[in-house]
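If you count the sequence shown from 1, position 114 lands on 115 in this note's numbering, and the numbers rise without skipping.
Quick reminder that beta carbons are idealized off the backbone N, C-alpha and C, glycines included.
Here the structure is a predicted model, which is why all the values come from computation and not from measurement.
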Amino acid sequence: MTGERGIQLDLETAERQVKLLERCQQKLDESVEQMEELRVGQTEQVWTADGKSVDLAAKLTAKYLAGREQLNAIQKDIAEAHENLKLAIEETRLLDEEQKRAFAAMLKTINLGFPIKLSPF
């Protein structure tokens, strides 16, 4: 979210997005398991009824491998997004803490015996 002081972290939304990415990773892992079960079930021994069975098994295996490649790429992207978001949350938290410390240190340097002069700008 943007404000007068720049970009501000909406922690609730960011944490909700982290949880969504975690659920997405879980669903992808389940998909990998299901795909593997399908791949194991599509062996040449299952398709022995006619001469075309070997070709069918090879095509199914090729499709599985292509699908698995795409799923691996998606899993990698989701994992990167998850880590980047968690890192952004942590870095923002640390920056906020540093800014608070710097502001507190600045306040301590103010000479309380004299009025503060404000700039017209």
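**Item:** Separation of Gln71 from Lys20, as counted between CA atoms
**Value:** Along the sequence shown, one-based indexing puts residue 20 at 19. Along the sequence shown, one-based indexing puts residue 71 at 70. Whole-angstrom Cα-Cα distance: 23 Å.
**Request:** Assign Leu22 to buried or exposed, taking buried as 16 or more other Cβ atoms, counted over all protein chains shown, within 10 Å of its Cβ.
**Result:** On the sequence shown, residue 22 is found 21 positions in, with the first residue counted as 1. So Leu22 counts as buried.
**Prompt:** Apart from the five residues on each side of it in sequence, which residues of its chain come closer than 8 Å, Cβ to Cβ, to Ala80?
**Reply:** Here residue 80 refers to the residue found at position 79 of the sequence shown. So the qualifying residues of the chain are Gln26.
**Request:** Given a cut-off of 8 Å, decide if Ala15 and Ile90 are closer than it, judged by their beta-carbon atoms.
**Result:** Against the sequence shown, residue 90 aligns to sequence position 89. Against the sequence shown, residue 15 aligns to sequence position 14. Cβ atoms of Ile90 and Ala15: closer than 8 Å.
**Request:** Can you tell me which of the three DSSP states Asp11 falls into?
**Result:** Taking the first residue of the sequence shown as position 1, residue 11 is located at position 10. If DSSP states are grouped into helix, strand and coil, Asp11 belongs with coil.
**Request:** Determine the DSSP secondary structure at Thr110, reduced to helix, strand or coil.
**Result:** Reading the sequence shown from its first residue, position 109 is the one you call residue 110. Thr110 falls in the coil class under three-state DSSP.
**Item:** CA-to-CA distance, Glu31 to Leu66, given in whole angstroms
**Value:** Your numbering for residue 66 matches position 65 in the sequence shown. Your numbering for residue 31 matches position 30 in the sequence shown. When rounded, the distance between both Cα atoms is 17 Å.
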